[in-house]
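Residue numbers (the numbering used here): 4 to 334. To keep things clear, I will list the structure first and then write my remarks on it.
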Amino acid sequence: MANSQDVSWQLDDTTMEGTVVRPEGEGPFPAVVLVAGSGPTDRNWCSPLLPGDNGSARLFAEAFAEAGIASIRYDKRVTGPHARENAMKLIGKLSMQSHLDELAAAVRVLADLDYVDAARIAGLGNSEGTLHVLHYATSSQDVPLVSLVLAAPPGRPIETVLLSQLQLQSAQIPGGAALMPKVREAAARYSAGEPMNPDPALPESVRMVLASFEAPANLPLARELWLESGVDSLQKVRIPTLVLIGGRDVQIDAEADGGPLREAAAGMANVTFAFPPNANHVFKEDSRTPAEVAASPGNGYNDPDTHLDPEALATILEWLADRFAPVTPSP
């Protein structure tokens, strides 16, 4: 049986925590660092804003261990047990760089374990987390990654993705379509460097989403994210990279996001695409319609009876096995 152990470490003057899962056997094992998506998503890919605690990252870690792969998954510094104390220290300092620093620290913890092969570590990011593993792979780091798995990477700027998500949500509200011009006006002001100043007529839930991009605790990260997609970084990646977008994903779209990503990777032999038809945004198997998903609390991502999409999991495991295979020396 795999061994799961919680670990903690210091990054600057803040405390980080995560969970390491070790497979059976002696090792050294290849390993994966799992990087969560946006907001207060924790190491298991659960969020206090969404119901359920059956997180995909924990399920991935368990599946990896069964396949002989170690892993680490970690709480971003503004999630988990130290969220409150860390948030006070990080006001005005949250940025793409601060998230990259968190990822680099987690990789170092993983690489230092005596049962992990530091020369065979891959990065697996979900949603916003894909941007952080892309930044890691395209920058100078002490522990290089050997491959990437980008699970639901945005191929459009976050502004465009957000507007498409709000459009879907507004369709569930009586008269919601008439509110979208007001949302776009607020977004346009923000893009121009001005306050969003959302119209009071917008539903409180929508105004809260928009306001989160201006909250001092989320800056400058929110403004950096507003304009970023995975396209630019993907073009710079030189290691084997698997891009997955689920057919049941109501946040990242196989065409709207996958199209620009495929165009960016045209001619890049190191980038492979997969579109498991029944996988949702967190790579659970999902047979519901987009409208049914949007109407369910928290999209039902972490409900107790949910499980990883078999096709997506098999694709990832096969990909990792090929990337982790020992290289046979030439005679």
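No residue lacks a Cβ here, since even glycine has one placed at the ideal position from N, Cα and C.
When the five nearest sequence neighbours on each side are left out, the beta carbons in the same chain lying within less than 6 Å of the beta carbon of Leu127 are those of Val35, Leu37, Val152, in order along the chain. Judged by their CB atoms, Asn57 and Asn283 are not nearer to each other than the 7 Å cut-off.
By the Cβ criterion, the region 167-183 is not in contact with the region 87-104, since fewer than three pairs of Cβ atoms, one from each stretch, lie closer than 8 Å. In this structure, the beta-carbon distance from Leu316 to Ala66 falls below 7 Å. Looking from the CA of Met99, the closest CA among Glu197, Gly303, Trp229, Pro54 belongs to Trp229. Comparing alpha carbon positions, the residue from Ser290, Ala272, Gly42, Asn221 closest to Gly249 is Ser290. With a contact defined as Cβ atoms closer than 8 Å, Val23 and Ile75 qualify at about 5 Å.
According to the DSSP assignment, Thr133 belongs to the alpha helix (DSSP H) that extends over 131-140.
Cβ contact annotation for Asn273 (same chain, cutoff 8 Å, sequence separation greater than five): Val240, Arg241, Ile242, Pro243, Thr244, in chain order. The DSSP assignment places no complete beta strand (DSSP E) segment of no fewer than 3 residues inside the region 289-320. For Arg76, the enclosing beta strand (DSSP E) starts and ends at 73-77. In this structure, Pro157 places its C-beta atom within 7 Å of the C-beta atom of Gly233. The C-alpha of Ser215 is placed about 11 Å away from the C-alpha of Ser208. Under a 10 Å Cβ-count criterion, Gly95 is classified as exposed, with fewer than 16 other Cβ atoms of the shown protein chains found around its own Cβ. As a beta-bridge residue in DSSP terms, Arg25 pairs with Asn6. Positions of the alpha helix (DSSP H) runs, each at least 4 residues long and wholly inside the region 156-242, are given as 161-173, 183-194, 207-215, 224-230, 234-237 in order along the chain.
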